[in-house]
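Working notes, structure below.
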Amino acid sequence: MVPGLDLPEEEARRVIETIASSGTFWIEWDQVKTILSVKLKQVLSDYPEAKMTTEEQSASLGETHQELVTRLDEALLSFDEGPPFTLQRLCENLLVTSMLTSCSNQQMMIQESENPEKAGEEVKMQSSLEQDGIDVVMGDRDVTVAAMEEADVEEGISADMDTFGEIVGPSETSSPPPITPS
-18 MVPGLDLPEE
-8 EARRVIETIA
2 SSGTFWIEWD
12 QVKTILSVKL
22 KQVLSDYPEA
32 KMTTEEQSAS
42 LGETHQELVT
52 RLDEALLSFD
62 EGPPFTLQRL
72 CENLLVTSML
82 TSCSNQQMMI
92 QESENPEKAG
102 EEVKMQSSLE
112 QDGIDVVMGD
122 RDVTVAAMEE
132 ADVEEGISAD
142 MDTFGEIVGP
152 SETSSPPPIT
162 PS
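Take the sequence shown: its position 148, counted from the start at 1, is 129 in our numbering, and no numbers get skipped.
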């Protein structure tokens, strides 16, 4: 059951999934806020920062984990009149983030048990890349894939511009009309 509501966990998950896929909901906004608040707290409690000391949290996040949770929860609950326009995206993120956290925790445990030295090297490399301003999601392979995808997008844009040029025709250079004194 969802704390504060007479609603089974499966139903609450279905509400979030429906909002994530369609942006619509069929229950009162206050109930949706309660469901999202509970889910937000669950997702945030799964992050590694939740297990740090308050000093480590303050150094890493700029505030304690509890302060962060409270701030985000208050922001969510402040929407009295209805949902924010980002409700659908919020639900998508809550669903995906909880899956990513559980997947990455399992992957980290497997890597550490297989080769503790290699796991330490990957953390050092990731830290180095982050200091260089490169966002690292899951190691250097993702950086390469992201760069390739970016190149594909740029190539697609230039191809689209070429196609556009063929449709519109060659551009003609024309001089501005002469100015006649009145």
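For glycine and all other residues, C-beta sits at the position ideal for the given N, C-alpha and C. These numbers come from a predicted model, not from an experiment.
Best match in the options for proximity to residue i [C-alpha to C-alpha]
i, options, result
"L58", "E44, K22, M(-18) and Y28", "K22"
"F66", "Y28, G4 and D11", "G4"
"H46", "D61, R(-6), P64 and D27", "D27"
"E9", "K32, G63, R70 and L53", "G63"
"E73", "D(-13), E(-10) and K20", "K20"
"E55", "T35, W7, L17 and Q38", "L17"
For residue j and residue i, the rounded distance between their alpha carbons
i, j, result
"G(-15)", "T15", "7 Å"
"L68", "A1", "8 Å"
"E(-2)", "E(-8)", "10 Å"
"L53", "V77", "18 Å"
"A100", "D11", "Any reading at A100 must be qualified, since the residue scores a pLDDT of 48, below 50, and its modelled position is unreliable; no value is offered."
"L13", "D(-13)", "Before going further, note that residue 13 is Val rather than Leu in the sequence given. If you take the alpha carbons of V13 and D(-13), they lie about 13 Å apart."
"S41", "E48", "13 Å"
"E30", "Q38", "6 Å"
"G43", "K32", "16 Å"
"L71", "F6", "14 Å"
Inter-residue CB distance, residue i and residue j (contact presumed, cutoff 8 Å)
i, j, result
"A24", "L75", "Note that residue 24 is Val in the sequence shown here, rather than Ala. Contact holds; Cβ gap of about 6 Å."
In chain order, each alpha helix (DSSP H) run of at least 4 residues that lies wholly inside the stretch 18 to 59: 35 to 42 and 46 to 58
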